[in-house]
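Per this note's numbering, the very first residue in the sequence shown carries number 347; after that it's consecutive.
Positions of the beta carbon are idealized from the N, C-alpha and C atoms, including for glycine.
Here the structure is a predicted model, which is why all the values come from computation and not from measurement.
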Amino acid sequence: MLFDYANVLVFVALGIALCALMLGLGALLRPANPERTKLTTYECGELVTGDSWINFNIRFYLVALVFIVFDVEVALIYPVVTVFSRWVEAGQGALALGEMLAFIAILVAGLAYVWRKGDLRWIKTVAEPPRELEDRVGGPGR
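Right, dumping it as structure tokens:
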């Protein structure tokens with residue numbers, strides 16, 4: 347039983363050794379020509395203007411996160427769809443369909459939450475304070 351895992355261990359060890367060998371050979375064989383130009387920021391051949399560290403809008407991360415969630419969903423559902431006909435022939439089609447629909451429903455519920463919260467809007471509007479807060483602090487009419 348443990349001998350079966352030895353093959354995996356050998357392949358992992360060979361992979362690590364091959365990576366170390368390639369990195370070591372690259373370090374030994376490459377020419378060392380240190381220059382000040384090599385340490386500067388490269389922006390597609392253009393001269394750098396300003397600082398290379400900029401504030402990046404957080405909205406880009408949210409869009410990327412939502413994309414990754416649904417991209418992973420497709421990656422997880424694709425194998426199920428490819429073998430679904432075999433499960434139907436084996437009499438387990440309803441169970442597989444139910445599990446797949448439950449998985450999709452959970453993700454759709456998450457999307458609906460993010461959508462309702464307004465996090466998918468690129469430009470958010472400023473929310474008005476609740477009425478009870480206005481009454482306590484002497485709202486706009488006072």
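Just how far apart, CA to CA, sit residue i and residue j?
i      : j      : result
Thr387 : Glu381 : 13 angstroms
Pro351 : Leu360 : According to the sequence shown, residue 351 is Tyr rather than Pro. In a straight line, the C-alpha of Tyr351 is about 14 angstroms away from that of Leu360.
Leu466 : Gln438 : 38 angstroms
Asn403 : Thr383 : 30 angstroms
Phe349 : Val434 : 37 angstroms
Ile450 : Leu457 : 10 angstroms
Ala440 : Thr428 : 15 angstroms
Val418 : Val354 : 27 angstroms
Met347 : Phe357 : 17 angstroms
Compare the beta carbon distance of residue i and residue j with 8 angstroms and say whether it is the shorter of the two.
i      : j      : result
Val426 : Ala448 : no
Arg405 : Trp468 : yes
Val394 : Leu453 : no
Residue i lies in the alpha helix (DSSP H); which residues open and close that run?
i      : result
Thr428 : 404 to 428
Gly456 : 439 to 463
Asp397 : From DSSP, Asp397 is part of no alpha helix (DSSP H); its letter is neither H nor E.
Cys365 : 348 to 375
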